[in-house]
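Participant: The structure follows.
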Amino acid sequence: MASAPPGLRLGEDDAAYLLLAKELRHLSYREVQDVAAPMHARFPPLFPLMLAVVGWPVADHLDVLIAFVSLCSAGAILLAYDGARRAFGDDVALSVALLMSLNPAVLWMGGNLMAEAPFVLFTMLALWGLVREDESPRYALVAGVAVYLAALTRTAGVVFAAAIFGYWIVRRRYARAVWFSSVGVLTLGVWLAWTFAAPDAENRRLYIADLGVRGGAGLHFLTEMAARVPGRAKVMLGNYIPTALTVLTIEGTPVDNAIWLAFILVTAAAGVVVLWRRWMGVIAFLVLYLLLLLVWKYQAGRFLTPIVPLLPGADHWAGPRGLPSEGIGDGGDGSSRPSPLALAIGVDARRRPGGGGARVRPGESAVVAGVLFRRRARSVAGGVLGARFDRRRRGLLRFEGARLLRTFRPPVDQPGPGAARASRFDRAVSPLPSCPVRRGIADWRVRLGAQLAPVAGVPRLCRGAPVLRGDRAAPRT
Numbered sequence: 020m021a022s023a024p025p026g027l028r029l030g031e032d033d034a035a036y037l038l039l040a041k042e043l044r045h046l047s048y049r050e051v052q053d054v055a056a057p058m059h060a061r062f063p064p065l066f067p068l069m070l071a072v073v074g075w076p077v078a079d080h081l082d083v084l085i086a087f088v089s090l091c092s093a094g095a096i097l098l099a100y101d102g103a104r105r106a107f108g109d110d111v112a113l114s115v116a117l118l119m120s121l122n123p124a125v126l127w128m129g130g131n132l133m134a135e136a137p138f139v140l141f142t143m144l145a146l147w148g149l150v151r152e153d154e155s156p157r158y159a160l161v162a163g164v165a166v167y168l169a170a171l172t173r174t175a176g177v178v179f180a181a182a183i184f185g186y187w188i189v190r191r192r193y194a195r196a197v198w199f200s201s202v203g204v205l206t207l208g209v210w211l212a213w214t215f216a217a218p219d220a221e222n223r224r225l226y227i228a229d230l231g232v233r234g235g236a237g238l239h240f241l242t243e244m245a246a247r248v249p250g251r252a253k254v255m256l257g258n259y260i261p262t263a264l265t266v267l268t269i270e271g272t273p274v275d276n277a278i279w280l281a282f283i284l285v286t287a288a289a290g291v292v293v294l295w296r297r298w299m300g301v302i303a304f305l306v307l308y309l310l311l312l313l314v315w316k317y318q319a320g321r322f323l324t325p326i327v328p329l330l331p332g333a334d335h336w337a338g339p340r341g342l343p344s345e346g347i348g349d350g351g352d353g354s355s356r357p358s359p360l361a362l363a364i365g366v367d368a369r370r371r372p373g374g375g376g377a378r379v380r381p382g383e384s385a386v387v388a389g390v391l392f393r394r395r396a397r398s399v400a401g402g403v404l405g406a407r408f409d410r411r412r413r414g415l416l417r418f419e420g421a422r423l424l425r426t427f428r429p430p431v432d433q434p435g436p437g438a439a440r441a442s443r444f445d446r447a448v449s450p451l452p453s454c455p456v457r458r459g460i461a462d463w464r465v466r467l468g469a470q471l472a473p474v475a476g477v478p479r480l481c482r483g484a485p486v487l488r489g490d491r492a493a494p495r496t
């Protein structure tokens, strides 16, 4: 996290954080430079509290405090890497980590005594918890607590509380949403209530004054916010987003700038689609955060920087990277997983007793072939496709989730019970998305794999399963 030395420029927010940290060690939260002022109500207390704890043994030594901030920045990169690895795979995760670690704004945050680095750390911790919440409820708890910590580090994190609440509502996790909102009223709500009720908001530069909802403003602040959107969107597309992606626009080169802008928009669109299916929490956070940047009184483009690198990283998702990497393979040739095209095997599909997907046992039928595996791929209905190889059940491939992705069905030599089983399988799964391009790519990929799949790779996956090559089914071994 090498960056330029921050210098002794303690005259703005960093000085205020240090003074508040000193006051917290005396069980106070007032501005010492103004003895007549009431309790501080602009900066949330968590970052000054962290500085008070870290700086107490070393007498607030600047090098130690800045090293602590750098560790927060490094921790955010580590969480972003692990979250992207679980959602997309190692290759995309490495790209995301590199984009963040080399981003100038991230380097700046890691080398200055500001609240941005801890804020990003808690944000990434929340997203990391969301990507793992299906594994255990405790990760949902981690995500909820991290959102509270982010909001108590910077007030802008309040939008993340609304984002995670809406995220759980969309996923029909109503109990989590209710518990999260209930606890939030007793924690984050107390700080927000004091911020709104604190006196002398204009002179003390409180955020409630920036919002403009007090006094005789009425509802005019809504029209003022709406009026800011067009100009702010232009600045966002022409300055903030290119700067966050280190694609700087140069005055006097409109063609180059337009090409870069088009590239960013196309890449971002692809990233949104993939993130919605694989890491929906990022989209929930981004949407409300972008909305905040568009309507707020002051421009704050640096808040966008830590999350934007997730979007261009998503365009690296292609081909076989969605294969489940755990438990499949072990072929003895050094490969940790076979090609998805090598999984063109005969299967017999049965509905799971409790609904929600199908259970596929290999080796019983040579009707359905070319199952296209995508680890944690989400269907339109939000189901999760998690194909796993269960050695304890002799090669049972379990498809967990509400729906499956249906691939092509090769022709059978003679109609019979196998065709009936295939028909039931077709009804048990959902079709591919209606987009003809995506449907055609998936179908082409599977058909090509049925021709090129290495026969020797299939017995390692499930011994005794017939292999389909072209239109003919190989005999049982």
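Under my numbering, the residue at position 215 of the sequence shown is numbered 234, and the numbers go up by one with no gaps. Each residue gets a CB set at the ideal place from its N, CA and C atoms; glycine is no exception.
Give the DSSP-derived three-state secondary structure of ARG297 in the structure shown.
Facilitator: Helix at ARG297.
Participant: Which value, in whole angstroms, describes the spacing of the CA atoms of ARG44 and ALA86?
Facilitator: The straight-line gap from Cα to Cα measures roughly 20 Å.
Participant: So what's TYR36 in DSSP terms, helix, strand or just coil?
Facilitator: Helix at TYR36.
Participant: In angstroms with no decimal places, state the Cα-to-Cα distance between ARG151 and LEU256.
Facilitator: Distance between the alpha carbons of ARG151 and LEU256: 32 Å.
Participant: Could you tell me the distance, in whole angstroms, from the CA atom of LEU168 to the CA atom of ALA303?
Facilitator: Whole-angstrom Cα-Cα distance: 18 Å.
Participant: Give a yes or no on contact between the region 59–66 and the region 205–218, applying the rule of three or more CB pairs nearer than 8 Å.
Facilitator: Cβ pair count under 8 Å is three or more, so yes.
Participant: Is MET58 helix, strand or coil when you go by DSSP?
Facilitator: It is a strand residue.
Participant: Leaving out five residues on either side along the sequence, give the residues of the same chain with a beta carbon under 7 Å from the beta carbon of PHE141.
Facilitator: So the list reads ALA165, LEU168, ALA169, THR172, once near-sequence residues are dropped.
Participant: From this set, LEU90, LEU38, VAL111, which residue's C-alpha is nearest ARG297's C-alpha?
Facilitator: Per the Cα distances, VAL111.
Participant: In three-state terms, what does DSSP make of ARG49?
Facilitator: Strand.
Participant: Quick one: what's got a C-beta closer than 8 Å to LEU113's C-beta in the same chain, skipping five residues either side?
Facilitator: Contacts found: TYR100.
Participant: Which class does MET133 belong to by DSSP, given the choice of helix, strand or coil?
Facilitator: Note: MET133 maps to coil in three-state DSSP.
Participant: Note the first and the last residue of the continuous alpha helix (DSSP H) segment covering LEU81.
Facilitator: Looking at the DSSP string, the run of the alpha helix (DSSP H) that includes LEU81 is 81–106.
Participant: Tell me, to the nearest whole angstrom, how far the beta carbon of ALA145 is from that of PHE179; I am working on the premise that it is less than 8 Å.
Facilitator: That belief holds up - the Cβ atoms of ALA145 and PHE179 are roughly 7 Å apart, short of 8 Å.
Participant: For GLY300, I'd like the list of residues in its chain whose CB is within less than 6 Å of its CB, leaving aside the five on either flank, ordered along the chain.
Facilitator: These residues qualify, in order along the chain: LEU146, LEU149, TYR186.
Participant: Span of the alpha helix (DSSP H) holding ARG173?
Facilitator: Run containing ARG173: none; DSSP gives neither H nor E here.
Participant: Please say whether VAL177 and ARG247 have beta carbons closer to each other than 7 Å?
Facilitator: It is not a contact, given that the beta carbons lie outside the stated cut-off.
Participant: Around the C-beta of PRO123, are 16 or more other C-beta atoms found within 10 angstroms, so that it is buried, or is it exposed?
Facilitator: Exposed is the call here.
Participant: Shortest alpha-carbon distance to ALA71 belongs to which of PRO57, MET58, ALA35?
Facilitator: Cα-wise, what sits closest to ALA71 is ALA35.
Participant: Between LYS253, ALA136, LEU160, which has its C-alpha nearest GLY203's C-alpha?
Facilitator: Nearest option by C-alpha distance: LEU160.
Participant: Let's test the definition: count the other Cβ atoms within 10 Å of the Cβ of LEU284 and tell me whether it reaches 16, buried, or not, exposed.
Facilitator: Per the 10 Å Cβ criterion, exposed.
Participant: So which of VAL306, LEU294, ALA196 has the shortest CA-CA distance to PHE107?
Facilitator: That would be LEU294, whose Cα lies nearest to the Cα of PHE107.
Participant: Buried or exposed, going by whether 16 or more other CB atoms sit within 10 Å of the CB of SER155?
Facilitator: Classification for SER155: exposed.
Participant: Would you report the Cα separation of VAL77 and GLY163, rounded to the nearest angstrom?
Facilitator: Those two C-alpha atoms are separated by around 32 Å.
Participant: Quick one: is ALA182 buried, meaning 16 or more other Cβ sit within 10 Å of its Cβ, or exposed?
Facilitator: Buried.
Participant: Would you kindly report the start and end of the unbroken alpha helix (DSSP H) that includes VAL202?
Facilitator: Residues 193–205.
Participant: Span of the alpha helix (DSSP H) holding SER114?
Facilitator: Taken as a continuous stretch (DSSP letters only), the alpha helix (DSSP H) holding SER114 covers 109–120.
Participant: If we ignore side chains and look at the alpha-carbon of each, how far apart do VAL125 and TYR193 end up?
Facilitator: Their Cα atoms are separated by approximately 35 Å.
Participant: Indicate the three-state DSSP secondary structure (helix, strand or coil) for VAL306 in the structure shown.
Facilitator: VAL306 falls in the helix class under three-state DSSP.
Participant: Flag this pair as yes or no: are the beta carbons of LEU17 and LEU84 separated by less than 7 Å?
Facilitator: With the chain represented from 20 up to 496, any question about residue 17 goes unanswered, as that position is not in the structure.
Participant: With 16 as the cutoff for other CB atoms within 10 Å, does ASP33 come out buried or exposed?
Facilitator: Per the 10 Å Cβ criterion, buried.
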